[in-house]
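Residue numbers (the UniProt record's numbering): 1 to 402.
Even for Gly, the Cβ is constructed at its ideal location relative to N, Cα and C.
Note that the structure is a prediction, hence the values are computed from the model and not measured.
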Ligand SMILES: CC(C)(COP(=O)(O)OP(=O)(O)OC[C@H]1O[C@@H](n2cnc3c(N)ncnc32)[C@H](O)[C@@H]1OP(=O)(O)O)[C@@H](O)C(=O)NCCC(=O)NCCSC(=O)/C=C/c1ccc(O)cc1
């Protein structure tokens, strides 16, 4: 055993850990450009392409639901031409999983690449400086999977450490960000790319009584964030510090949200109780997470004095959270805007919300904020965010202003 060369286990630990709290350093988003459907036309289009106009009862119901979503338009990768080539996508009883996998295996990493290139351009460092990749999707059905394809498309280094998160649904973005925080803070110099890409093509089917709400809500998109902890270098610009993070599962709610892989595609289930269950549990999740940072001083916190990045799972979810936390109208504007412009893009949505928030508020964000994402479980991801007051808080020698 070498002694006296300074490489004791404790010294190595000091070298391996980062110097500070992990932060979001750059964000990029992308949506399929081909099919953009205004929500007011969605029902007619959907019933026409699925040859279901005779199901008048379901059609009227979907129209009622679409009117209540708070969505104005959504983007989709699936085209009518694809549907003509694959009529089996309309019928859950017909085998179609393999054909769906064939399409998304290429389409998902390509859309993620578009978002990732925007994030890398904003970050300002070469793609080869990315040390870790965490990819979240409900469309990763092969090995090697879309994470490896994205790494190849971007020319990431062969030693990039890849993790794929599958089927977390709408809390996938929150989970990936929490994982990136752990990686960045525990590995000196690590730069973690979080890539979330969702395409409804795996879930698409003709209308039946059980899937109307999902058809009214979900859209396609990719959100990429680059995460790192200090010291910062090369013009890096921390925008959201991730100060503390928790995951909570609401007991006995497994029934409420779910995905099921079948030979005919992925079935999803959204129980009518979800908005109420989230409203009843969100406050405790926030208290638990903020107590990690503020201890007993948490009583001095006012939710209204913070900024909010909430996964817009559905309009009533945002309404309930606003009511329970007594938030002023406008506090959830970023979430409502993303819902309006893109619908619920499952795990990718929260990255869009962060993007909207930083554009909307520029340098005027309050110091403290909260990120909330939820999905099957029911699982709630909570992250305590902090907007840096000024770059001088950091090792400024290393930061050149962008
Ligand atoms: C737009 C909705 C559907 C309706 O708005 P509303 O203010 O509740 O309006 P209404 O109370 O008038 O309801 C309109 C109609 O919708 C019906 N409805 C109202 N929720 C329902 C309902 N979950 N079922 C089935 N009928 C309903 C409701 O019964 C009613 O039917 P009808 O009386 O015949 O007009 C709204 O409730 C809503 O957005 N709900 C969805 C909330 C939700 O669960 N979001 C998912 C959160 S978690 C997440 O983001 C993703 C998880 C995920 C999971 C799987 C994946 O594959 C991917 C992702």
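Residue range of the beta strand (DSSP E) that residue i falls in?
| i | result |
| --- | --- |
| residue 368 | 368–375 |
| residue 92 | Looking at the DSSP string, residue 92 is not in any beta strand (DSSP E), and its letter there is neither H nor E. |
| residue 135 | 132–137 |
For residue i, list the residues DSSP reports as bridge partners.
| i | result |
| --- | --- |
| residue 36 | 75 |
| residue 344 | 218 |
| residue 406 | Because the chain here runs from 1 to 402, residue 406 falls outside it and cannot be looked at. |
| residue 247 | 381 |
| residue 403 | Because residue 403 is not part of the residues shown, which for the chain are 1 to 402, the question remains open. |
| residue 164 | 135 |
| residue 196 | 136 and 223 |
| residue 228 | 23 and 191 |
Helix, strand or coil, according to DSSP, for residue i in the structure here?
| i | result |
| --- | --- |
| residue 265 | strand |
| residue 70 | coil |
| residue 400 | Confidence in residue 400 is poor, its pLDDT being 44 and thus under 50, which makes the residue's placement too unreliable to answer from. |
| residue 293 | helix |
| residue 20 | coil |
| residue 223 | strand |
| residue 315 | helix |
| residue 308 | strand |
| residue 191 | strand |
| residue 302 | coil |
| residue 29 | strand |
| residue 391 | helix |
| residue 1 | The predicted model places residue 1 with a pLDDT of 41, which falls under 50 and marks its position as unreliable; any figure quoted below should be read in that light. Three-state result, residue 1: coil. |
| residue 57 | helix |
| residue 169 | helix |
| residue 233 | coil |
Check for me: the alpha helix (DSSP H) holding residue i runs from which residue to which?
| i | result |
| --- | --- |
| residue 149 | 146–154 |
| residue 123 | 97–123 |
| residue 361 | 349–361 |
| residue 179 | 172–186 |
| residue 157 | Looking at the DSSP string, residue 157 is not in any alpha helix (DSSP H), and its letter there is neither H nor E. |
| residue 142 | Note, residue 142: premise wrong, no alpha helix (DSSP H); not H, not E. |
| residue 85 | 80–85 |
Between the Cα of residue i and the Cα atoms of the options, which residue gives the shortest distance?
| i | options | result |
| --- | --- | --- |
| residue 225 | 80, 250, 260 and 127 | 127 |
| residue 382 | 38, 179 and 260 | 179 |
| residue 156 | 134, 142 and 173 | 134 |
| residue 95 | 205, 284, 161 and 369 | 205 |
| residue 112 | 29, 312 and 200 | 29 |
| residue 265 | 339, 21, 90 and 175 | 90 |
| residue 235 | 120, 77 and 367 | 120 |
| residue 301 | 315, 291 and 164 | 291 |
| residue 153 | 108, 289, 238 and 246 | 108 |
| residue 384 | 242, 287, 343 and 31 | 242 |
| residue 105 | 144, 70 and 116 | 144 |
Can you tell me whether residue i sits near ligand 1, meaning its C-beta is under 7 Å from at least one heavy atom of the ligand?
| i | result |
| --- | --- |
| residue 271 | yes |
| residue 170 | yes |
| residue 259 | yes |
| residue 317 | yes |
| residue 407 | No answer is possible for residue 407: it lies beyond the span of the chain, which begins at 1 and ends at 402. |
| residue 375 | yes |
| residue 320 | no |
| residue 197 | no |
| residue 352 | no |
| residue 217 | yes |
| residue 268 | yes |
| residue 313 | yes |
| residue 344 | yes |
| residue 68 | yes |
| residue 285 | no |
| residue 203 | yes |
| residue 255 | no |
| residue 380 | no |
Residue i: beta carbon under 7 Å from a heavy atom of ligand 2?
| i | result |
| --- | --- |
| residue 40 | The ligand content of the structure shown is limited to ligand 1, which means ligand 2 is not among them. |
Closest Cβ-Cβ distance between residue i and chain D: below 8 Å?
| i | result |
| --- | --- |
| residue 319 | Reference to chain D is not applicable here, since this structure consists of a single protein chain. |
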